[in-house]
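The block underneath contains the structure these notes are about, expressed in structure tokens.
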């Protein structure tokens with residue numbers, strides 16, 4: 059961990075005023091970066107997340123218009139400034155954000171809402187999994203792989219165990235068992251990159267990404283060669299019996315959403331929050347994330363904390379995989395959706411706070427469910443959500459951008475001369491404004507920053 | 039700088055567990071090869087036959103191109119102090135951009151140019167976000183990857199109605215008569231222009247980094263930006279140049295990848311499929327030296343070529359999905375054994391000039 063050649067001369071406090079000494083050396087960049095994220099106040103962080111979201115929506119707006127020019131259609135879906143576009147961004151966003159809730163006035167428990175909530179449930183697990191690791195100063199990009207192995211382990215083990223019990227008792231026994239197996243398998247898979255980081259100094263970003271590829275391939279092999287459902291042409295395991303899956307409470311059984319699983323997920327978020335904020339393990343975890351050297355000085359076994367955090371993170375992701383199997387699909391199929399990668403966005407958007415993960419997961423549940431509505435209702439490719447995901451991460455990662463705009467708006471407002479700053483501020487908040495300005499503002503602001511140097 | 043590190047490594051941890059493990063692996067492999075030479079009729083013999091087959095070298099070179107270009111780009115960026123983990127994303131957009139423009143114009147070379155432009159633009163976005171807005175480099179790099187992972191299939195869906203593009207013409211191999219008929223090494227003289235471009239780019243990168251003042255600035259910008267600043271060189275500008283250069287190089291790699299196949303495949307993790315991340319490992323393994331990065335790239339690409347041939351000829355009765363994991367597992371093992379690479383001192387840190 060601290061095997062670097064220089065002793066700890068971290069002067070993290072110095073960078074709050076924007077003047078990091080160039081000689082600031084020593085440890086890996088991750089903890090310092092995360093610390094910068096953590097230090098921002100909760101309100102500021104929420105503002106940054108909302109601004110990032112709006113900015114992504116604005117860029118997505120331009121993207122949809124641009125895509126609408128690249129494709130061909132008989133009648134224009136919308137017209138701006140006398141130019142016809144094949145896709146109408148307003149319709150797309152309407153379907154994306156409101157379509158996800160279905161028609162609530164006629165049916166409070168409609169299928170689309172159920173889909174939104176079931177996506178949210180799985181994303182709560184992957185989001186909090188990423189959050190735990192990030193708080194410990196570890197970039198766990200391997201949530202996807204941990205989810206995949208957890209899902210497969212849970213599907214296979216629960217199928218085997220379902221032959222031993224049945225009925226209501228069976229459900230009561232099988233669900234905790236399935237979750238535990240998912241957590242165990244995911245935890246072990248998460249512990250591997252943890253141990254590699256702690257004891258061999260292998261960069262966890264790379265190892266976890268590699269392990270994602272490995273997990274997909276190994277799962278494919280295991281299903282094909284060992285657990286293939288003989289009745290099916292698709293690569294999947296034998297479907298679980300009804301009593302081995304989450305019961306649908308209130309919602310319809312065919313909608314694949316269970317309030318029980320949702321409640322379990324929400325309770326887990328609170329539990330992880332308490333674990334991180336209120337226990338000594340959580341204290342060790344947080345200090346390792348913020349100041350690894352200080353933590354070690356204070357008696358924390360850094361290597362063990364890394365492995366423990368990664369195991370916990372992997373276990374949470376694995377439970378997400380188990381819920382995906384036991385609630386949504388009822389067996390394991392290859393081609394698991396990218397819940398793990400969305401979990402990264404969810405966690406970053408939530409400022410790596412387990413409670414915030416709940417809200418961010420709901421937002422992404424809406425996006426995932428809404429993208430289905432968009433896919434059905436328009437010709438706009440569903441990959442749009444993937445682009446938005448990346449944009450949101452990018453914008454949340456640059457709080458300085460929003461701070462710069464914020465400071466200008468604040469510093470100018472009293473004096474009353476609001477020409478330049480207001481247009482800058484407008485690019486963030488105003489998604490309907492002159493869209494060309496958004497792109498210009500991004501390259502325009504930096505040159506202004508550069509001029510200040512003189 | 040680098041020679042100092044190498045010397046330090048050799049004298050310091052001579053018998054670390056990692057070194058022993060590496061040694062054991064090397065001995066085992068050597069044993070397998072010797073066994074194969076001695077008994078050509080055995081499994082090992084067939085394995086060695088594949089290993090020394092001309093087509094294996096040809097495949098290795100072909101597979102090396104995108105990884106080597108991305109690795110060169112990664113070296114410039116990281117040496118200047120900006121860790122560019124978004125190489126994968128740059129490869130993805132240039133792979134799509136290359137095929138799209140080649141499809142529109144009918145010219146492979148226009149495609150290559152478009153791939154470079156696409157990748158450089160995305161690199162510019164990354165540079166602005168990291169350098170101007172002090173974004174965390176790792177998170178921003180991930181975002182670049184995820185944006186490209188969504189954007190390329192999105193664009194393909196818009197233009198071609200599916201995640202995979204239409205097929206375009208590929209470039210013919212340049213065959214050097216005479217030399218190309220040498221057994222095994224003949225593959226070096228009968229390859230696509232991209233392979234020759236790769237060798238050229240490695241040489242040019244090495245020369246730039248070690249023999250030009252720009253190379254010295256890049257080095258200083260990552261090692262001691264303050265000193266560079268004091269010497270009157272604008273650190274920000276050097277970092278911009280280095281990150282943009284990584285975009286240009288990745289553009290070559292990504293466009294070469296798709297144009298040598300003649301199609302962009304955008305389903306799943308796209309046709310790039312982790313090559314950008316493997317590139318990061320190759321330059322770490324190659325200790326930030328372009329030549330070292332090329333050699334380790336060829337090691338990884340060679341493994342990939344080997345697993346492709348092993349699959350095709352069914353030599354070892356190992357299931358295909360497992361064989362496919364070989365390159366990824368190798369990356370993990372290499373990182374674990376040689377993970378303690380000395381990264382540039384100021385890499386990952388924002389530098390703020392003092393004279394504001």
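Chains as they are written, first to last, in my numbering: chain U, 59 to 512; chain Y, 39 to 394.
Ideal Cβ placement from N, Cα and C applies to all residues, glycine included.
So, is residue i buried or exposed, given that buried needs 16 or more other C-beta atoms within 10 angstroms?
| i | result |
| --- | --- |
| residue 205 of chain Y | exposed |
| residue 69 of chain U | Note that residue 69 of chain U scores a pLDDT of 37, beneath 50, so its modelled location is shaky; the value from the coordinates is reported in the next line. Exposed: under 16 other Cβ atoms inside 10 Å. |
| residue 227 of chain U | exposed |
| residue 295 of chain Y | buried |
| residue 172 of chain Y | buried |
| residue 329 of chain Y | exposed |
| residue 219 of chain Y | exposed |
| residue 434 of chain U | exposed |
| residue 475 of chain U | Only weak support exists for where residue 475 of chain U lies, its pLDDT of 41 falling under 50; the value from the coordinates is given anyway. Label assigned to residue 475 of chain U: exposed. |
| residue 220 of chain U | buried |
| residue 100 of chain U | exposed |
| residue 130 of chain U | exposed |
| residue 75 of chain Y | exposed |
| residue 210 of chain Y | exposed |
| residue 248 of chain Y | exposed |
| residue 123 of chain Y | buried |
| residue 321 of chain U | exposed |
Where do the N-terminal and C-terminal ends of the alpha helix (DSSP H) with residue i fall, by residue?
| i | result |
| --- | --- |
| residue 134 of chain Y | 125-143 |
| residue 183 of chain U | 169-193 |
| residue 389 of chain Y | Here residue 389 of chain Y belongs to no alpha helix (DSSP H), and DSSP marks it neither H nor E. |
| residue 117 of chain Y | 92-117 |
| residue 313 of chain Y | 313-323 |
| residue 280 of chain U | 262-280 |
| residue 207 of chain Y | Run containing residue 207 of chain Y: none; DSSP gives neither H nor E here. |
| residue 128 of chain U | 100-128 |
| residue 221 of chain Y | Run containing residue 221 of chain Y: none; DSSP gives neither H nor E here. |
| residue 450 of chain U | 442-454 |
| residue 376 of chain Y | 364-376 |
May I ask you to check if the CB of residue i is nearer than 8 Å to at least one heavy atom of the ligand FAD?
| i | result |
| --- | --- |
| residue 189 of chain Y | In terms of ligand content, the structure shown is empty, and the ligand FAD therefore cannot be addressed. |
Between which two residues does the beta strand (DSSP E) containing residue i stretch?
| i | result |
| --- | --- |
| residue 141 of chain U | 141-143 |
| residue 201 of chain U | Careful: residue 201 of chain U lies outside any beta strand (DSSP E), inside the alpha helix (DSSP H) at 201-219. |
Based on the DSSP output, what are the partners of residue i in its beta bridges?
| i | result |
| --- | --- |
| residue 212 of chain Y | Y/229 |
| residue 530 of chain U | Look at the range of chain U in this structure, 59 to 512, and you will see that residue 530 of chain U is not part of it. |
| residue 303 of chain Y | Y/202 |
| residue 294 of chain U | U/391 |
Out of the options, which has the shortest C-alpha to C-alpha gap to residue i?
| i | options | result |
| --- | --- | --- |
| residue 115 of chain Y | Y/312, Y/360, Y/363 and Y/288 | Y/288 |
| residue 224 of chain Y | Y/70, Y/391, Y/272 and Y/91 | Y/91 |
| residue 372 of chain Y | U/101, U/319, U/264 and U/133 | U/264 |
| residue 291 of chain U | U/148, U/132 and U/391 | U/391 |
| residue 306 of chain Y | Y/71, Y/88, Y/202 and Y/324 | Y/202 |
| residue 371 of chain U | U/385, U/268 and U/343 | U/343 |
| residue 375 of chain U | U/260, U/190, U/201 and U/123 | U/201 |
| residue 260 of chain Y | Y/234, Y/235, Y/222 and Y/326 | Y/326 |
| residue 129 of chain Y | Y/75, Y/185 and Y/241 | Y/185 |
| residue 389 of chain U | U/397, U/396, U/380 and U/395 | U/380 |
| residue 389 of chain Y | Y/221, Y/244, Y/113 and Y/267 | Y/267 |
| residue 197 of chain U | U/120, U/403, U/103 and U/177 | U/403 |
| residue 188 of chain U | U/321, U/384, U/419 and U/437 | U/419 |
| residue 236 of chain U | U/340, U/304, U/141 and U/361 | U/304 |
Are the segment 177-190 of chain Y and the segment 446-465 of chain U touching by the rule of at least three beta carbon pairs closer than 8 Å?
yes
Just checking, does the segment 153-173 of chain Y make contact with the segment 455-462 of chain U on the three C-beta pairs under 8 Å criterion?
yes
Contact between the segment 326-341 of chain Y and the segment 234-246 of chain U is defined here as three or more beta-carbon pairs at a separation below 8 Å; is this criterion met?
no
contact_flag[the segment 208-217 of chain U, the segment 278-295 of chain U] where n(CB pairs < 8 Å) is 3 or more:
yes
Counting Cβ pairs, one atom from each stretch, are 3 or more of them under 8 Å apart for the segment 312-330 of chain Y and the segment 106-113 of chain Y?
yes
Could you tell me whether the segment 229-243 of chain U touches the segment 439-448 of chain U, where touching means 3 or more Cβ pairs closer than 8 Å?
no
Check whether the segment 422-429 of chain U touches the segment 152-161 of chain U, taking contact to mean three or more Cβ pairs, one atom from each stretch, closer than 8 Å.
yes
Between the segment 265-278 of chain U and the segment 132-141 of chain U, do three or more beta carbon pairs fall short of 8 Å?
no
Flag this pair as touching only if the segment 271-286 of chain Y and the segment 94-101 of chain Y have three or more C-beta atom pairs under 8 Å; answer yes or no.
no
Counting pairs of beta carbons, one from the segment 338-358 of chain Y and one from the segment 131-146 of chain Y, are three or more of them closer than 8 Å?
no
Would you say the segment 148-161 of chain Y touches the segment 358-372 of chain Y, given that touching needs at least three Cβ pairs under 8 Å?
no
Closer than 8 Å is the cut-off here; do at least three beta carbon pairs connect the segment 278-287 of chain Y with the segment 298-312 of chain Y?
no
Counting Cβ pairs, one atom from each stretch, are 3 or more of them under 8 Å apart for the segment 344-363 of chain U and the segment 164-182 of chain U?
no
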